[in-house]
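J.:
Number of protein chains: 4
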Amino acid sequence: MPTVAILGASGYSGQETLDRVLRHPELELVALGSDSLAGEPASALDVRLNGSLPRFVANDAVLEAGADVLFVCLGHERAAALEPPADTVVVDLSGAHRLQDAALYPAWYGFEHPRAAALDGWSYALPELFPPAGELIANPGCYATAALLALAPIAEAIEPASVVVDAKSGVSGAGRELKQSSHAGFVLENISPYRVGRHQHAPEIAQALGFPICFVPHLLPVRRGLLATCYVQPTAELRPLLEDAFAGSDVVRVLSEGVVPELARVQHTDGAEIALFDDPVSGRAVVVCALDNLGKGAAGQALQNANLALGLDETLGLRLAGVLV
Amino acid sequence: MPTVAILGASGYSGQETLDRVLRHPELELVALGSDSLAGEPASALDVRLNGSLPRFVANDAVLEAGADVLFVCLGHERAAALEPPADTVVVDLSGAHRLQDAALYPAWYGFEHPRAAALDGWSYALPELFPPAGELIANPGCYATAALLALAPIAEAIEPASVVVDAKSGVSGAGRELKQSSHAGFVLENISPYRVGRHQHAPEIAQALGFPICFVPHLLPVRRGLLATCYVQPTAELRPLLEDAFAGSDVVRVLSEGVVPELARVQHTDGAEIALFDDPVSGRAVVVCALDNLGKGAAGQALQNANLALGLDETLGLRLAGVLV
Amino acid sequence: MPTVAILGASGYSGQETLDRVLRHPELELVALGSDSLAGEPASALDVRLNGSLPRFVANDAVLEAGADVLFVCLGHERAAALEPPADTVVVDLSGAHRLQDAALYPAWYGFEHPRAAALDGWSYALPELFPPAGELIANPGCYATAALLALAPIAEAIEPASVVVDAKSGVSGAGRELKQSSHAGFVLENISPYRVGRHQHAPEIAQALGFPICFVPHLLPVRRGLLATCYVQPTAELRPLLEDAFAGSDVVRVLSEGVVPELARVQHTDGAEIALFDDPVSGRAVVVCALDNLGKGAAGQALQNANLALGLDETLGLRLAGVLV
Amino acid sequence: MPTVAILGASGYSGQETLDRVLRHPELELVALGSDSLAGEPASALDVRLNGSLPRFVANDAVLEAGADVLFVCLGHERAAALEPPADTVVVDLSGAHRLQDAALYPAWYGFEHPRAAALDGWSYALPELFPPAGELIANPGCYATAALLALAPIAEAIEPASVVVDAKSGVSGAGRELKQSSHAGFVLENISPYRVGRHQHAPEIAQALGFPICFVPHLLPVRRGLLATCYVQPTAELRPLLEDAFAGSDVVRVLSEGVVPELARVQHTDGAEIALFDDPVSGRAVVVCALDNLGKGAAGQALQNANLALGLDETLGLRLAGVLV
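Chains as they are written, first to last, in the working numbering: chain G, 1 to 325; chain X, 1001 to 1325; chain R, 2001 to 2325; chain U, 3001 to 3325.
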């Protein structure tokens, strides 16, 4: 059974990755990395984690010990410096290996990429659209996942310059770190746009689509989940393209005409919903994608990618069943 | 002192109008209309309303008794049928008199306008942009107010076909009526678009701007407040236009560059915030307007309009002071 | 494989029961009853329910067809009138069979029990405390489950007259029905007590404990989950009693000293958390139980009870794994 | 006109005090103290604060300059060290001068009181119950205010040992500081008790009542507001005592029988609601008090106290009018 280690297991995406690994029938967890919790039992992160799990160790110790699959849930800059171990499936949930053009990192991520030459060894993998092409996998950003699920299948049937993506995300998208914009006194009963025109998922979307778009994220007063409302000028019929793209998928569901997408229906799951509307007033089409930023937008997709790289059934370990209210 | 009566005083917009009338130093409340609460004391609506207020009476009785100012907080169809009393400032908070073209009512409101010929006697009044021109005042919709504050001052400096308005509103926008989409089990920890391409504020915005736009509203898990994110392709510099439009306003505040608009900062107030951003990736500009759907988006604006029609200071009775957290 | 039918499958508790049945490896769903959705496909309730599920049929038709296990998710009065089919495990999630003394129904439920003589054929079953004693199972109320998990193991070690249970529940506890107190405009940014001294779970708790207590529920602005804070005057050491009671449980977790219980940690699960604190000021002990009102407080417990009655592993179908944020 | 200065004006209670001072017709703001914002304009705290306000200066500079009224919104330990200027009304919103017995500070506040001998120069002032007795005023804690409004008027008519206060507060009660328990990822869709048996408002309540009680606070997923549910064993009729205590009050409203108190109705106001219920099961009475922790629980009460000390109308500057939804 392939062994798994998680670097940065105590952040939100690390904890969610752990959740999927624990429910995966064909993976064996061997190490939990966390510099802040090193030496502590797993229950120090969450009392639901029982005593049979490995204790946290420093991230460097995890790297030294190795595993068949490595989930990297570190900060962008730390992840960028990582030398990937040989013969290992490495799924990087940070943005450190998503942009093929290293020159983009200073402007969008705020640092020079320390291993620029190695970037083309990584494949940007969004299973329904671009499955992983090797062992080194750059897991897409949450906003990018939603925008690409909505737009990539129809990219040839819309006017590129017309695209606007207005996205709304729960606060877990900003991570567990303490900051003013994650303080509940700011988040509750509020909504605000942020990093308008400057969010690091914009170049990732442009790279995958082949053209730039206008992208604005907003912070919602919800714990988790993300809704991307995508406005496009269509040049052909869009519904067949979307339905074909996800026809066999257990993960992405294209809603029938008239069914409204809901954040709540994808929260705590690794699935996504896509709905298509027309706007008779402007002639635009509106494609809406809902997913859980920590599920399909992070840990769920990371597991899908790892499963594919290992030759396993893509949905093992995922949170897909269930019809919770 | 001018006398005031409110029709439909027991709904959200009626109650908020009452709130402003009570804090207005130069208006005298003489009647509270409500068919469902007729005969009850004001405290039946809210225990904060004390015993010195008039009891609720049927709306028809209010009309018969008359007043110098009449605030109409009834449903659209009911309000449309109203024959306005002579020599009375009538501020209609419903959509019944907003569209000058009666032919639009069946498609957008679901009924034939019963007094189509009288529509041109009403002025669509948004004080900062188009002050009331007579005694019969159609008070703008909440979404329309936000979109127009953001777009009307720059309408000549943008490409009309480029405009997308993605709006998000708290649940009070849907009124006090019981319906599935206002059930807390649906609203909490959720967001969803609704009436995509079919919302009745779209033609109202088009009428005021002179061109149609793409408009999609979303329901937020907050009690009140509304944020409209407007995407435009600029053809000239926009900031001076916005700053000039609201330079002397005590109601609308154009935020300095880099200051992020927040729903929370306008909740429970009659003010609005406008912020302008550029998106270097797409070349678009993003104009964001935040206001309280029950304040500047309804009752606050209704009072502004009444004040202007009576020749009073525009801000009397408004909730503008204050720097609450 | 035992067959399962659900009466009232379109309400919250019905839908959650369906969720558990679908994830149960040894039960076969054969019928979904709903009078309001009869004739509709399962997806009419929730688009996550796929086409292989049975269509909804009228509840009476479900009863006629029969099944090995029947989950009754109907209103109290409707469930009370039900004649249970022979040779069937019937788990009633309503309150219709919880009180052994039929004379209590008019005061607490508002109706005369139509089958009073049959009440003693039902066992009030809370698996960790009182496992089912036959095929007819009265599933405990959500508040009662929380209060009893906290209090039943220590009932002999506290002064009965000292007990106060202050409980707080999410809005799903009030069901999917439209009512003023479930309107999001009332629920959001609010909390209020309700049915003080008159809630129907009070006599159920008293019956199970053997003495009456003071119980006050409050409505929280959350979708789901319930926290019961129980105040008691101890006469002996309480921690060992709680730890012993749940020592082997996969469902109920007694938290170590100093660990604070959280609603969020049990939401969407069928588990429960119990924490014990002392109050040095008053000499009281405070026992806090957190659970999901739709999980351990309803559907999860119903599955546990059905599993036990069928001789299956108690936790089959339950939502227990997982360490979601 | 009396001049006013605020120390610690950039925290939640400081900002709310500023809000009341700005709406007060007979006070003149002369200085805003904040060590973190010293040198910045008032708008650095909130863009709603306009340019005519004084810039922030260091707290020590405010003290040196002096004013007729000084509102102290500093941390407990910092406030305790303050040497109050002569001939000045000083209202301390921290806990530094609430406990008359200096020996209690180490256990409940974590520090030795640096000016223990001066403590008896301060009066603990809750206007409806104990008006200020001099210029040095210790403003009560938010929980203590709610508990005392509910319990002080009935203290002689209940069994002291029976009292349990279960309180629930919005997140603003924990201040603007960044900490794990104020992170929105923790607060949203959650509730949890905290500092059980160890909260610093417990001794303050005991001191004012003359006997200790059992007090447990909980953190609610709301921005602001506080509800205290108080359980007591009555020895006489309680309703007349409550109604008499607040008969002439414009601030505290005793609700009629059957009216349910609501947090939402007191949010953003300086008022409080009290409701009395009986529990026929246990014979207990339940007194519920709702107020805004930043209003009547902090800044509103501070203004009341200052008004009384200055001989002004008690409600000047308060947020009392209004019937917002």
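No residue lacks a Cβ here, since even glycine has one placed at the ideal position from N, Cα and C.
Name, please, each residue of chain R whose Cβ falls closer than 8 Å to the Cβ of X:Pro1221.
T.: In chain order: Ala2184, Leu2188.
J.: Taking Cβ to Cβ, would you say G:Pro140 is nearer than 8 Å to G:Arg98?
T.: Yes, these two residues count as a Cβ contact at 8 Å.
J.: Is the closest heavy atom of the ligand GDP to the C-beta of R:Ala2275 under 7 Å?
T.: Among the components modelled here there is no ligand, and therefore nothing to report on the ligand GDP.
J.: Please report how far the alpha carbon of U:Val3251 lies from the alpha carbon of R:Leu2032, in whole angstroms.
T.: If I take the Cα positions, the gap works out to 54 Å.
J.: Taking X:Thr1229 as part of the beta strand (DSSP E), name the residues at either end of that continuous run.
T.: Unbroken beta strand (DSSP E) run through X:Thr1229: 1226 to 1232.
J.: Do X:Cys1230 and X:Ala1150 count as a contact pair if the criterion is CB distance below 8 Å?
T.: Against a cut-off of 8 Å, the Cβ pair of X:Cys1230 and X:Ala1150 comes out as a contact.
J.: Return the residues of the segment 1265 to 1276 of chain X that lie within a Cβ-Cβ distance of less than 7 Å from chain U, sorted by chain order.
T.: Under the 7 Å Cβ criterion, the segment 1265 to 1276 of chain X contributes Arg1265, His1268.
J.: If you follow the beta strand (DSSP E) that R:Glu2257 is part of, which residue opens it and which one closes it?
T.: R:Glu2257 -> no beta strand (DSSP E), and no H or E assigned at all.
J.: Could you give the first and the last residue of the continuous beta strand (DSSP E) run that contains X:Cys1289?
T.: Unbroken beta strand (DSSP E) run through X:Cys1289: 1285 to 1291.
J.: List the residues of chain G whose Cβ lies closer than 9 Å to the Cβ of X:Gly1197, in chain order.
T.: Simply Phe277, Asp278, Asp279, Pro280, Val281, Ser282, Arg284, Val286.
J.: Just to confirm the assignment, what range does the beta strand (DSSP E) spanning G:Ala138 have?
T.: It spans 136 to 138 - the beta strand (DSSP E) in which G:Ala138 sits, taken as one unbroken run.
J.: Between which two residues does the alpha helix (DSSP H) harbouring U:Gly3033 extend?
T.: Run containing U:Gly3033: none in the alpha helix (DSSP H); it sits in the beta strand (DSSP E), 3028 to 3033.
J.: Report yes or no: do the segment 2187 to 2202 of chain R and the segment 2241 to 2255 of chain R share at least 3 C-beta pairs separated by less than 8 Å?
T.: Counting Cβ pairs under 8 Å, fewer than three are found: no touch.
J.: Under 8 Å between the Cβ atoms of R:Ala2096 and R:Ala2116?
T.: Taking 8 Å as the Cβ cut-off, R:Ala2096 and R:Ala2116 do not qualify as a contacting pair.
J.: Quick one: does X:Lys1168 have its CB under 8 Å from some CB of chain G?
T.: Yes, contact with chain G.
J.: With 8 Å as the threshold, decide whether the Cβ of R:Val2164 is near any Cβ in chain B.
T.: Here chain B cannot be found, since the structure's protein chains are G, X, R and U.
J.: At the 8 Å Cβ level, is U:Arg3239 part of the contact set with chain X, yes or no?
T.: No, its Cβ sits nowhere closer than 8 Å to a Cβ of chain X.
J.: Go ahead and pull the three-state DSSP assignment for U:Phe3246.
T.: Looking at U:Phe3246 - three-state DSSP - the assignment turns out to be coil, as it is neither helix nor strand.
J.: Can you tell me where the alpha helix (DSSP H) holding G:Ser13 begins and where it ends?
T.: Taken as a continuous stretch (DSSP letters only), the alpha helix (DSSP H) holding G:Ser13 covers 12 to 22.
J.: Quick one: what's got a C-beta closer than 6 Å to U:Asp3035's C-beta in the same chain, skipping five residues either side?
T.: Excluding residues within five positions, the ones whose Cβ falls inside 6 Å are Ala3058, Asn3059.
J.: Check whether chain X comes within 8 Å of R:Ser2172, counting only Cβ atoms and requiring the distance to be less than that.
T.: Output row for R:Ser2172: interface = yes.
J.: Taking 8 Å as the threshold, find out whether the segment 1170 to 1189 of chain X comes into contact with the segment 2178 to 2187 of chain R through three or more Cβ pairs.
T.: Yes: the two stretches touch, three or more of their Cβ pairs being nearer than 8 Å.
J.: Tell me whether U:Lys3168 sits in a helix, a strand or coil according to DSSP, three-state version.
T.: Three-state DSSP puts U:Lys3168 in a strand.
J.: I'd like to know if G:Leu49 contacts chain U, where contact means its C-beta is closer than 8 Å to some C-beta of that chain.
T.: No, because no Cβ of chain U sits closer than 8 Å to the Cβ of G:Leu49.
J.: Work out the CA separation of G:Ala298 and G:Gly311 for me, nearest whole Å.
T.: So the two alpha carbons sit approximately 20 Å from each other.
J.: Do X:Arg1055 and X:Ala1067 have their CB atoms nearer than 8 Å?
T.: Not in contact: X:Arg1055 and X:Ala1067 (Cβ atoms no closer than 8 Å).
J.: Report the three-state DSSP secondary structure of U:Ser3123 (helix, strand or coil).
T.: The answer is strand: DSSP assigns U:Ser3123 an E or B state.
J.: 8 Å is my cut-off, CB to CB: does G:Arg55 come that close to chain R?
T.: Judged by the 8 Å Cβ criterion, G:Arg55 is not in contact with chain R.
J.: Pairs of beta-carbons, one from the segment 3282 to 3298 of chain U and one from the segment 3223 to 3243 of chain U, closer than 8 Å: are there three or more?
T.: Judged by Cβ distances under 8 Å, the segment 3282 to 3298 of chain U makes contact with the segment 3223 to 3243 of chain U, as three or more pairs qualify.
J.: Can the beta-carbon of U:Cys3214 be found closer than 8 Å to that of R:Asp2278?
T.: Result no, Cβ atoms of U:Cys3214 and R:Asp2278 do not sit closer than 8 Å.
J.: Cutting at 8 Å between CB atoms, please list the residues of its own chain near X:Gly1039, excluding the five before and the five after it.
T.: Once the five neighbours on either side are set aside, the close Cβ partners of X:Gly1039 are Arg1055, Phe1056, Val1057.
J.: Quick one: is R:Leu2255 near chain G, going by C-beta distance under 8 Å?
T.: Judged by the 8 Å Cβ criterion, R:Leu2255 is in contact with chain G.
J.: How far does the alpha helix (DSSP H) with U:Val3090 in it reach, from first residue to last?
T.: Per DSSP, U:Val3090 belongs to no alpha helix (DSSP H); it is in the beta strand (DSSP E), 3089 to 3092.
J.: Can we say the segment 1106 to 1113 of chain X touches the segment 1229 to 1249 of chain X, given the rule of at least three CB pairs closer than 8 Å?
T.: They do not touch, by the three-pair rule.
J.: Can you tell me whether G:Asp270 is buried or exposed? The criterion is at least 16 other CB atoms within 10 Å of its CB, across all chains shown.
T.: That one is buried.
J.: Can you grab the Cα-Cα spacing for the pair X:Glu1273 / R:Ala2155, in whole Å?
T.: If I take the Cα positions, the gap works out to 58 Å.
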